[in-house]
Every structure is written in C-alpha cells, then in structure tokens.
Amino acid sequence: MSLSPFHLAIPVYDLAAARTFYGQVFGLEEGRSSEQWVDFNFYGHQLVIHEHPKTASQESVHSNAVDGHDVPVPHFGVVLAWAEWEALAERLKSFGTQFVIEPYVRFKGQVGEQATMFLFDPCGNALEFKAFKDMSQLFAK
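For the sequence shown, the positions run 1 to 141 when the UniProt record's numbering is used.
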C-alpha cells in the first residue's frame with residue numbers, strides 16, 4: 001500500500017510546551033517555523049502546531065465508549081508497525097506520560113485486533129497511536 005503524506009494543522013495555546021512535547025517527548029524532527037507555528041515530521045506526515053486560543057474541545061473533553069474505554073473525541077494519530085508502537089509506548093512511559101488509555105491490545109481475538117494508546121498533548125489535543133500485527137485488518141469488519 002502506498003500512502004500520500006497528510007497535512008494536519010492543530011491549535012495549541014502554549015506553543016513552547018507543545019514544541020517541547022512533539023520535539024523532545026516524541027522525538028519528531030522539526031521543520032519550518034515562525035513565532036506562531038511549527039512544522040514537524042510526524043512519521044512521514046506534516047503536522048503543524050499553530051498558536052491559537054483554547055478551543056471548546058480543549059476546554060471540555062467529549063468521549064465515546066469503545067471496547068470498555070472512554071475514547072476522547074476528536075483525536076488523531078498514526079498506525080505504526082507493531083515493534084514501532086511498542087518502542088513508542090516505552091518511550092512515552094520513560095517520559096512519565098499520563099495516558100488517557102494506557103497502552104493495551106483491544107478487540108483481542110476478534111477482527112480488527114489492535115494495540116492502542118491514547119494521550120493528550122500539553123494543550124489538550126488527544127492523540128491515538130495504534131498497531132496491527134496483521135495490517136490487512138485495518139479496515140476489516
């Protein structure tokens with residue numbers, strides 16, 4: 001499967017804290033920047049953090065139930081290779097990351113079995129990282 005990189009611009013109300021989070025905690029390479037925004041190489045995709053006042057979703061978290069957990073909405077993230085997901089989970093734990101949903105395998109033994117974890121950036125943007133041992137299960141019903 002060949003994928004085109006996506007571009008995602010998100011609001012952050014503390015540009016310095018978000019820059020540190022994505023750059024140091026995640027170890028993402030920084031690209032272009034200004035005093036109001038910063039580009040990051042987000043696993044081959046372009047993530048831009050833009051300074052912006054707090055949004056409604058950053059003020060108050062909404063969630064939907066998935067596999068017995070409250071999944072924050074909205075959220076974004078990347079589907080990683082299994083070993084890369086495991087390494088990221090360990091890296092995040094080593095930085096003392098507070099998870100909304102701790103790293104675990106959901107839908108065990110079912111179609112779509114996947115490793116997942118949820119966390120917030122310092123500005124309240126929810127992120128999910130997941131992995132499939134069998135990538136053909138990504139869109140399986």
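Heads up, the beta-carbon is just placed ideally off N, CA and C, and yes, glycines get one too. Predicted, not measured: the structure shown is a model, and the values here were computed from it.
Stretch-stretch touch, CB-based, cutoff 8 Å, three pairs: the stretch 44-53 with the stretch 111-118: no
Nearest candidate by alpha-carbon position, reference E102, set E30, L127, A83: That would be L127, whose Cα lies nearest to the Cα of E102.
Exposed unless 16 or more other CB atoms sit within 10 angstroms - verdict on F118: buried
Minimum C-alpha distance to E84 - residue among S2, E35, H7, F132: F132
Residue interval of the beta strand (DSSP E) (run including residue 147): Nothing can be reported for residue 147: it is not among the residues displayed for the chain, which extend from 1 to 141.
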